[in-house]
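Structure first, then comments.
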Amino acid sequence: MRTSSPSMSQTTCGSLLQELQKIWDEIGESDTERDKMLLELEQECLDIYRRKVENTRKHKADLYEALADAEAEIAELISVLGEKTSFSRAKGTLKEQLSSMKPILEELRVKKEQRVKEFLEIKSQIIRICAEIAGNDQLINNAEAHLDEHDLTAKRLAECRSHLEELQNEKVLRLQKVNGHINGLYELSMTMCVDFRAMLAEIHPSLVDPGCGQSKSISNDTLAKLMGAVNSLKQEKQQRLQKVQDLASTLIELWSILETSTVEQKKFEHVTSLISSSVDEVSRPGFLSLNVIEKCVNEVEQLSTLKASKMKELVLKRQTELEEIYKGVHVDFDTDGVRKTLINSIDSGNVDLSDILSCMDDKIKQAKEEAQSRKDILDKLEKWKHASEEENWLDEYEKDENRYCAGRGVHKNLKRAEKARLMVSKIPCEFVFIRLLFWLKLRVFFQLCHLKMHWKVHCALVENLMSKIKTWESERGTQFLYDKEPLLRQLEEYTVLRQHREEEKRRAREQKKLQEQLATEKEAIFGSRPNVKKPLGQSNHNTIVGTPVARRGGTPSGHLGISGSKERRDSIRVGGLIPVNFVALPKDDPVSRGN
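Be aware that the sequence shown starts at 1, since it is given in the UniProt record's numbering, and climbs by one per residue.
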């Protein structure tokens, strides 16, 4: 309450006293009464001033006490909170000093309250995590932290936070371990069809269905049980995989022996695919279940029962397969003797049929390898034989003077002749024959082109075949037999015989050339005789319909299919003799004379 200034107080008191004097005058009070009343007024004023002074003095003491308490509290808070700042009382009146302390005090109180909350929260988390690690479920749900408020320094708070972080990291690691073990258990359980949830529930209920606000158990006991369960299932998986692999190997062996169809084998494809798999590679659901193992065991038992009854049949099939392989590549093989010995051994019962089958498989493998080594030579031999057959047919065809006349089947023979020429020789003709296009038919021109070089190509084919045979014999140190006869010797004999025949044909051509020269000279002296033409399609020897078909015979070894008339195709030479069927040109044509 603001006090009035002295002048106002004097003025007010004076005016009141004057008013009081006027009233007394009107009343007629005596001076004695007036002095008495004035004395009472002065006494009452003194009492009022005295009480006021006492109250003010008490208020001053309270202010001093409040300042002292505030200073003490501030000092205590600074000490508890560990603040590095120092506090000193400000100058001024007591109220000013107290007013300056209040913000500092309030700030320190708020800071302490926040610090206490932080400590309690951290302590609660530490207690909860420790309880989770220890496996104390009651302490987890009722975690109450007790705090010593005499030390709320930042250093201590940092220590608590560091401790909490360590525990949280440990909790994360433990949760990772727990989840890893759970995932491992799940994969193992799915692979072997084990009840996964029942196993987890037996270890700890929280692993199956965690409660509201409750995480999975990460206690040492839970981790130990999970690890034990994983190791137990791994051992069980290893044992089951080994059993399945043994059963799969047995199944494959029995399938091979019994020649089981692919459809039947596919029923156990998921089993046989595990033969070369490691434990870690097998993860598909149900592959190692007891049901699968039981089915495999039953299948092995059934196939084992069939094995004994079909072993003899299988051995004979293997023998037939071996004989067909050797027969296909023209290798001599004592079929009757070996088969008889094999049947006697089986009937005696003194040998193991499995060992016989294994031996037969080895022989079949060796036979296939030998057949593969002979394949290239035999392929070229077949080409040579086929080319020789076509050449034989072409030789007979070329002897037919009326092969270009009209008649039934002429176009078919012409097409075959063209194919035969292409097979005998694919070397292009020389430019020297271009002039004949003006006088010969197109088919006759191609005939001359292909017949020009067929002997060289044929010889190159034989030489290439002989070279491969020599290489084969050099690598293996044995002769290349073809149906019990050395093939190289047959080819050499054929080459020598062909050379002799070519020499005879060359002499025949020269003799024919001399005869034609003599005939030409006679015509020049005596004149030419009229040429009586025969009806179209007639011949003294062969007709078109009578064109010979391909035939075999005439080679050094008849089974090779090479005809002795093959060499007659080279009677027509470029720049030599004009073919017999060259009747479309006039006798005095310069081309015929020049050639």
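Even for Gly, the Cβ is constructed at its ideal location relative to N, Cα and C. All of these numbers come straight from a predicted model, not from anything done at the bench.
In chain order, which continuous runs of the beta strand (DSSP E) of length 3 or greater are located wholly inside the segment 184-238? none
Cβ distance (whole Å) where Leu175 is taken to contact Ile218 below 8 Å: By one-based count along the sequence shown, residue 175 stands at place 175. By one-based count along the sequence shown, residue 218 stands at place 218. About 6 Å; that satisfies the 8 Å criterion.
Among Lys383, Leu108, Gly82, Ala70, which residue has its Cα nearest to the Cα of Leu94? Translated into positions along the sequence shown, residue 94 becomes position 94. Ranking Lys383, Leu108, Gly82, Ala70 by Cα distance to Leu94 puts Ala70 first.
List the endpoints of the continuous alpha helix (DSSP H) containing Val271. In the sequence shown, counting from the first residue as 1, residue 271 sits at position 271. Val271 -> alpha helix (DSSP H) spans 269-272.
Starting from Ile275 and walking both ways along the alpha helix (DSSP H), at which residues does that stretch end? Sequence index remark: in the sequence shown, residue 275 carries index 275 (1-based). Unbroken run through Ile275: none, as it is neither H nor E.
Neighbour-count burial assignment, Cys296, 16 or more Cβ in a 10 Å radius: Numbered from its first residue, the sequence shown carries residue 296 at position 296. Answer is buried; the Cβ neighbour count reaches 16.
For the alpha helix (DSSP H) that contains Leu152, what are its first and last residues? Working through the sequence shown from its first residue, we reach residue 152 at position 152. No alpha helix (DSSP H) contains Leu152, which DSSP labels as neither H nor E.
Pick helix, strand or coil for Leu442, following the three-state DSSP scheme. The residue given as residue 442 occupies position 442 in the sequence shown. Low confidence applies to Leu442: its pLDDT is 43, below 50, so where it sits in the model is not reliable enough to give any reading.
Taking the alpha helix (DSSP H) that Ser30 belongs to, which residues open and close that run? As a position in the sequence shown, residue 30 is number 30, starting the count at 1. Where Ser30 is concerned, there is no enclosing alpha helix (DSSP H), given that its DSSP letter is neither H nor E.
Using a Cβ-based criterion (distance less than 7 Å to any ligand heavy atom), does Leu491 qualify as near the ligand SAM? Here there are no bound small molecules, and the ligand SAM is not part of this structure.
Minimum length 3: unbroken beta strand (DSSP E) runs contained in the segment 313-375: none
Determine the direct distance from the alpha carbon of Met101 to that of Glu40, and round the result to whole angstroms. As a first step, residue 40 is located in the sequence shown; it is residue number 40 there, counting from the start. As a first step, residue 101 is located in the sequence shown; it is residue number 101 there, counting from the start. Computed Cα separation, rounded: 45 Å.
Would Trp384 and Leu497 qualify as a contact pair, given that the criterion is a beta-carbon distance under 8 Å? Here the question's residue 384 lines up with position 384 in the sequence shown. Here the question's residue 497 lines up with position 497 in the sequence shown. Contact flag unset, no.
What are the boundary residues of the alpha helix (DSSP H) that includes Ser124? Here the question's residue 124 lines up with position 124 in the sequence shown. Element bounds for Ser124: 94-134.
Touch test, the segment 329-339 against the segment 266-286, Cβ-Cβ under 8 Å, three pairs minimum: no
To the nearest angstrom, how far is the alpha carbon of Glu301 from that of Lys216? One-based indexing of the sequence shown puts residue 301 at position 301. One-based indexing of the sequence shown puts residue 216 at position 216. Roughly 47 Å between the two C-alpha positions.
Tyr482 burial status per 10 Å Cβ neighbour count (16 or more: buried): Taking the sequence shown and counting its residues from 1, the one referred to as residue 482 is at position 482. So Tyr482 counts as buried.
Please look up how many angstroms separate the CB atoms of Leu241 and Val279, rounded, as I've assumed it's under 8 Å. Locating residue 241 in the sequence shown gives position 241, where the first residue counts as 1. Locating residue 279 in the sequence shown gives position 279, where the first residue counts as 1. Yes, they are in contact, since the Cβ atoms of Leu241 and Val279 sit about 6 Å apart, within 8 Å.
Between the alpha carbons of His59 and Ile74, how many angstroms are there, rounded? Here residue 59 refers to the residue found at position 59 of the sequence shown. Here residue 74 refers to the residue found at position 74 of the sequence shown. Looking at the two C-alpha atoms, the distance is approximately 22 Å.
What is the rounded straight-line gap between the Cα of Asn169 and the Cα of Ser162? Here residue 169 refers to the residue found at position 169 of the sequence shown. Here residue 162 refers to the residue found at position 162 of the sequence shown. Rounded to the nearest angstrom, the two C-alpha atoms are 10 Å apart.
Separation of Cys130 from Gly180, as counted between CA atoms: Translated into the one-based positions of the sequence shown, residue 180 becomes position 180. Translated into the one-based positions of the sequence shown, residue 130 becomes position 130. Computed Cα separation, rounded: 21 Å.
Determine the extent of the alpha helix (DSSP H) in which Ala524 is found, giving its start and end residues. By 1-based counting over the sequence shown, the position of residue 524 is 524. First-last of the alpha helix (DSSP H) with Ala524: 487-526.
Between which two residues does the alpha helix (DSSP H) containing Gln265 stretch? Residue numbering aside, residue 265 sits at position 265 when the sequence shown is read from its first letter. Run containing Gln265: 262-266, per the alpha helix (DSSP H) assignment.
Measure the C-alpha to C-alpha separation of Leu152 and Ile203 and round it to an integer number of angstroms. Sequence index remark: in the sequence shown, residue 152 carries index 152 (1-based). Sequence index remark: in the sequence shown, residue 203 carries index 203 (1-based). Answer to the nearest angstrom: the Cα atoms are 42 Å apart.
Using 8 Å for Cβ pairs, my map puts Leu108 next to Ile78. What's the rounded Cβ distance? As a position in the sequence shown, residue 108 is number 108, starting the count at 1. As a position in the sequence shown, residue 78 is number 78, starting the count at 1. Sure, about 7 Å apart at Cβ, within 8 Å.
Measuring CB atoms only, is the segment 287-294 touching the segment 307-322, in the sense that at least three cross pairs come out at less than 8 Å? no
Hey, how far is the Cα of Thr320 from the Cα of Leu258? For the purposes of this step, residue 320 is taken as the residue at position 320 of the sequence shown. For the purposes of this step, residue 258 is taken as the residue at position 258 of the sequence shown. One C-alpha to the other measures close to 16 Å.
Which residue or residues does DSSP assign as beta-bridge partners of Leu17? Within the sequence shown, numbered from 1, the residue matching residue 17 stands at position 17. The partner list for Leu17 (beta bridge, DSSP) is empty, contrary to what the question assumes.
Near Leu491, what residues of its chain come up, given a Cβ to Cβ distance below 7 Å and the 5 sequence neighbours on each side ignored? The residue labelled residue 491 in the question sits at position 491 within the sequence shown. Val462, Leu465, Met466, listed in sequence order.
Any idea what DSSP makes of Arg147, helix, strand or coil? Numbered from its first residue, the sequence shown carries residue 147 at position 147. The sequence shown places Leu at residue 147, not Arg. Here Leu147 sits in coil by DSSP.
Of the listed residues Asp31, Lys112, Lys177, Leu488, nearest to Asn220 (C-alpha basis): Here residue 220 is taken as the residue at index 220 of the sequence shown, counted from 1. The residue with the shortest Cα to Cα distance from Asn220 is Lys177.
Evaluate contact between the segment 219-239 and the segment 259-275, counting only Cβ atoms and requiring at least three cross-stretch pairs below 8 Å. no
From Glu96, Lys112, Tyr49, pick the residue whose C-alpha is nearest to that of Leu67; which is it? Here residue 67 is taken as the residue at index 67 of the sequence shown, counted from 1. Residue Glu96 is the option with its Cα nearest to Leu67.
Would you identify the three-state DSSP class for Leu288, choosing helix, strand or coil? Reading the sequence shown from its first residue, position 288 is the one you call residue 288. Of the three classes helix, strand and coil, the one that applies to Leu288 here is coil, per DSSP.
Relative to the alpha-carbon of Leu63, which residue among Leu98, Leu46, Ser354 has its alpha-carbon at the smallest distance? Indexing the sequence shown from 1 puts residue 63 at position 63. Nearest C-alpha to Leu63: Leu98.
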